[in-house]
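K.L.:
Last residue of the sequence shown: 326 (this note's numbering), numbering continuous. The structure follows.
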Amino acid sequence: MFFSVVIPTYNRKPILEKCLQALEHQVFDSSLIDGYEVVVVDDGSTDGTVDWLRQQEAEFPHGRLFEQDHKGPAAARNFGVEVAQGDTIIFIDSDLVVLGGFLQAHATALQGAYQKQGHDRVFTYGRVVNTSNFENPTAEPFKITDYSQAFFATGNVAIAKHWLQAAGLFDTQFTLYGWEDLELGVRLKNLGLSLVKVPEAVGYHWHPPFSLDDVPSLIDKEIQRGRMGVLFYQKHPTPEVKMMIQMTWLHRILWGGLSLGGRLNENTMAPLLRWLIDQGKPQLALELARVFLNWYNVQGVYAAYQEMQHQS
15 MFFSVVIPTY
25 NRKPILEKCL
35 QALEHQVFDS
45 SLIDGYEVVV
55 VDDGSTDGTV
65 DWLRQQEAEF
75 PHGRLFEQDH
85 KGPAAARNFG
95 VEVAQGDTII
105 FIDSDLVVLG
115 GFLQAHATAL
125 QGAYQKQGHD
135 RVFTYGRVVN
145 TSNFENPTAE
155 PFKITDYSQA
165 FFATGNVAIA
175 KHWLQAAGLF
185 DTQFTLYGWE
195 DLELGVRLKN
205 LGLSLVKVPE
215 AVGYHWHPPF
225 SLDDVPSLID
235 KEIQRGRMGV
245 LFYQKHPTPE
255 VKMMIQMTWL
265 HRILWGGLSL
275 GGRLNENTMA
285 PLLRWLIDQG
295 KPQLALELAR
305 VFLNWYNVQG
315 VYAAYQEMQH
325 QS
């Protein structure tokens with residue numbers, strides 16, 4: 015088993031350094047893992063990522079750098095798969111820091127599943143722990159908010175390369191934020207692939223502590239996610255997808271009710287959020303902000319759906 019760790023990146027130089035350093039310190043059984051490479055696809059970064067990586071080439075002997083114009087993570091991952099030399103692909107994000115046994119955990123779980131099922135129609139999904147601790151991201155404990163029910167998410171997943179090719183790779187129509195990995199997951203499920211969760215293959219997803227300055231970009235992401243959700247539903251018009259993208263009356267009632275029809279929003283909740291941040295509780299502030307963020311998402315879904323119907 016030879017791993018190609020595919021990492022799309024866009025303006026993430028400080029945390030990318032920690033990500034790549036962690037991948038250079040992997041400990042594994044050579045009878046199970048023949049070797050590995052780290053395929054970094056720079057998606058048109060403007061923060062000096064490419065120059066820095068070229069200067070630090072000796073520090074990352076497993077690394078291979080590729081560049082593309084800014085086309086988004088779907089196109090970057092597809093590029094990474096196309097140039098990958100490994101038979102097994104691991105997708106992680108460039109702001110994920112892994113432990114030393116990361117590759118071994120994925121390999122052990124994959125090999126065990128292959129032997130148990132008698133085929134390789136399976137992929138592994140590791141644990142992702144969110145953290146805002148830049149100095150020591152791996153010190154963060156697993157929290158209930160880190161739990162994920164996603165079938166196929168590119169934050170930490172390993173899969174035989176030929177199944178990605180058979181499914182058709184990522185759909186580059188997903189140019190805005192969200193859903194391109196879960197949409198591919200639907201196609202992989204239709205091919206009969208199953209998921210094996212591997213909590214031992216843990217990655218620590220770093221992001222800066224929440225601040226009120228983040229709110230406009232978070233709202234924009236939710237609106238984008240709504241639009242891409244409708245594209246997801248266009249491709250797979252099933253009740254399951256409809257539930258995933260929050261395009262149901264249940265979600266309208268839930269988030270409309272919790273936000274008091276939009277009256278609890280970024281303006282009216284700002285004093286409470288600011289107070290929580292000042293008290294050293296930015297994560298709690300973010301969870302409360304999700305009340306109006308999800309309402310923006312639901313509104314974005316229905317606006318995009320109405321636009322789609324009007325166009326058709």
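C-beta atoms are modelled at their ideal positions from N, C-alpha and C, and glycine is treated no differently.
#1: Given this structure, state the Cα-to-Cα distance separating Q3 from T23, to the nearest angstrom.
#2: How long is the line joining the alpha carbons of T60 and K85, rounded to whole angstroms?
#3: Could you give the C-beta distance for V305 and L278, rounded to a whole number, given that I count them as a contact under 8 Å?
#4: For the beta strand (DSSP E) holding V20, just list the boundary residues, first then last.
#5: Relative to the C-alpha of L286, which candidate in M258, G270, L226 has its C-alpha closest?
#6: When you compare the CB positions of I237 and Y310, do they come within less than 9 Å of one another, or not?
#7: Going by DSSP, name the residue or residues bridged to S59.
#8: Kindly give me the distance between the Cβ atoms of V55 and F93, rounded to whole angstroms, as I take these residues to be in contact under 8 Å.
#9: How would you write the range of the beta strand (DSSP E) that G217 sits in, first residue to last?
#10: According to DSSP, is E12 part of a helix, a strand, or is it coil?
#11: Quick one: what's Y327 bridged to in DSSP?
#12: Here's a check: name, in chain order, each residue in its chain whose Cβ is nearer than 6 Å to the Cβ of K203, leaving out the five neighbours to either side.
#13: Do E214 and G140 count as a contact pair if the criterion is CB distance below 9 Å?
#14: Under 9 Å between the Cβ atoms of G199 and F156?
#15: Using beta-carbon positions only, say whether Y13 and V111 come within less than 9 Å of one another.
#16: Would you check if there are 3 or more beta carbon pairs closer than 8 Å linking the stretch 123-143 to the stretch 230-247?
#17: Closest to D57 by CA distance: which of K32, A90, D65 is it?
#18: Please classify P75 as buried or exposed, where buried requires at least 16 other C-beta atoms within 10 Å of its C-beta.
#19: For V143, I'd like the list of residues in its chain whose CB is within less than 8 Å of its CB, leaving aside the five on either flank, ordered along the chain.
#20: Enumerated in chain order, which unbroken segments of the alpha helix (DSSP H) with a length of 4 residues or greater are wholly contained in the stretch 265-307?
#21: If I'm right that A299 touches I291 with Cβ under 8 Å, what's the distance once you round it to whole angstroms?
#22: Which residue marks the beginning of the alpha helix (DSSP H) containing T122, and which one marks its end?
#23: DSSP three-state call for Y316: helix, strand or coil?
#24: Work out the CA separation of F116 and A127 for me, nearest whole Å.
P.N.:
To lay it out plainly:
#1: Given that the chain is displayed from residue 15 to residue 326, the structure contains no residue 3 and the question cannot be resolved.
#2: 14 Å
#3: 6 Å
#4: 16-23
#5: L226
#6: yes
#7: BP columns for S59 are empty, so no partner.
#8: 5 Å
#9: 208-220
#10: Given that the chain is displayed from residue 15 to residue 326, the structure contains no residue 12 and the question cannot be resolved.
#11: In the structure displayed, the chain extends from 15 to 326; residue 327 sits before or after that span and is not available.
#12: none
#13: yes
#14: no
#15: Because residue 13 is not part of the residues shown, which for the chain are 15 to 326, the question remains open.
#16: no
#17: A90
#18: exposed
#19: E154, P155, F156, K157, D160, V216, G217, Y218, H219
#20: 284-292
#21: 5 Å
#22: 116-131
#23: helix
#24: 17 Å
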